Ligand code: ADP
Ligand code: MG
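Residue numbers (UniProt numbering): 1 to 245.
Quick look at the structure:
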């Protein structure tokens with residue numbers, strides 16, 4: 001059974017059909033890449049799934065529950081996490097405090113017992129930082145971090161909400177090739193170990209082909225292909241969109 005089921009999803013801006021009736025699903029524990037040229041509708045799709053943009057038509061179901069019409073915060077509470085193309089942390093806090101903040105705001109009960117909570121949250125934050133390979137930097141100021149490490153902290157922050165589905169819009173943007181591979185290997189590990197489903201967009205075909213379980217391809221708001229990396233690599237429609245051949 002799929003975790004996320006999208007049917008007939010559409011959104012226009014003025015006369016532009018940014019997303020023009022797409023269907024796809026994401027299974028539990030699946031790493032699904034959403035690719036396509038600039039302006040294809042990838043970010044608009046993400047923004048509809050997490051409730052930042054209201055869809056014009058179609059449905060988006062998370063484990064059978066309709067998300068369209070819900071506020072971003074409600075969708076987040078249902079377990080849809082998100083990281084951003086440009087990662088940011090609170091620079092005045094340490095790495096660990098950043099993750100503690102996320103844990104406390106994910107948990108209302110903790111929030112109302114803030115003092116006690118922040119101690120408890122520290123242990124959980126350290127566990128999350130360990131998971132993303134940042135335990136040794138927990139007590140540094142986040143203003144001192146390299147960008148690739150900010151991305152790791154952002155991932156720990158997203159995990160603080162125990163998401164079932166994680167949306168990652170260009171997670172490796174602005175990273176060197178070695179760092180990209182490290183972040184994607186880590187993401188793949190999370191998918192495998194924790195059964196989190198991940199939907200990500202990505203410009204680098206090398207990254208997409210190396211890590212995605214399955215790929216969907218958008219062009220001008222329409223879904224033009226879907227398949228395994230091998231199927232997508234050989235798909236003539238995809239080659240036409242990307243290479244004009
Ligand atoms: P991608 O992320 O694949 O590059 P987008 O979803 O950002 O594509 O954009 C899809 C199309 O919708 C583009 O033509 C873009 O110019 C248009 N678009 C996106 N957001 C808006 C907006 N807020 N207002 C007007 N047009 C938009
Ligand atoms: Mg985009």
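Glycine included, C-beta positions come from ideal geometry on N, C-alpha and C.
From a predicted model like this one, the values you see are computed outputs, not experimental measurements.
Outcome for residue i when other beta-carbon atoms lying within 10 angstroms are tallied against a minimum of 16
i: residue 246; result: The question about residue 246 has no answer here: the residues shown for the chain are numbered 1 through 245.
i: residue 195; result: exposed
i: residue 237; result: exposed
i: residue 192; result: exposed
i: residue 67; result: buried
i: residue 90; result: exposed
i: residue 142; result: buried
i: residue 54; result: exposed
i: residue 99; result: buried
Simplified DSSP assignment, three categories, for residue i
i: residue 143; result: helix
i: residue 6; result: strand
i: residue 59; result: strand
i: residue 164; result: coil
i: residue 187; result: helix
i: residue 226; result: strand
i: residue 202; result: coil
i: residue 52; result: coil
i: residue 220; result: coil
i: residue 215; result: strand
Ligand 1 heavy atom lying under 7 Å from the CB of residue i
i: residue 50; result: no
*asked:* In chain order, what are the residue ranges of uninterrupted alpha helix (DSSP H) at least 4 long that sit wholly in the stretch 14-42?
replied: none
*Which residues have a Cβ closer than 6 Å to any heavy atom of ligand 1, listed in chain order?*
13, 16, 18, 36, 38, 39, 40, 41, 42, 43 and 44
*Pick out the complete alpha helix (DSSP H) segments inside the stretch 71-132, 4 residues or longer, and give them in chain order.*
72-77, 95-106, 108-112 and 114-131
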